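Structure representation (structure tokens):
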């Protein structure tokens, strides 16, 4: 039974029932993992996908001061004017965090 459960979970994750591949770009951008961000982009992740707070990968990278990732995201079409649920753009996050 345990093996069947693990197999089912693995199959669901592989089929895309886990965390969205596009949304993973938000976490990798926040973490500052530029290689993972490049990989997500190569896999076709939506650079402007939003999380539950209306934030994009650009918001997160900006807030954390990950300049190289910010440049990479913008070069790949990230919307610099997108607002999160609080009405903040990525630039607001840069200014607030003093980056």
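In the numbering used here, the protein residues as written are 18 to 116.
Glycine residues also receive a C-beta, built at the ideal position from the N, C-alpha and C atoms.
Since this is a predicted model, take the numbers as computed values, not measurements.
- In the same chain as residue 100, and ignoring 5 residues on each side of it, the C-beta atoms closer than 8 Å to its own belong to 71 and 106, in chain order.
- Taking 7 Å as the cut-off, the beta carbon of residue 95 is found no closer than this to the beta carbon of residue 108.
- Distance from the CA atom of residue 40 to the CA atom of residue 59, rounded to whole angstroms, is 14 Å.
- Residue 57 has its alpha-carbon roughly 16 Å from the corresponding atom of residue 68.
- In the DSSP annotation of this structure, the continuous segment of the alpha helix (DSSP H) that includes residue 52 starts and ends at 51 to 59.
- Counting every other CB atom within 10 Å of its CB across the protein chains shown gives residue 97 a total below 16, marking it as exposed.
- Distance from the CA atom of residue 65 to the CA atom of residue 77, rounded to whole angstroms, is 12 Å.
- In this structure, the beta-carbon distance from residue 111 to residue 86 does not fall below 7 Å.
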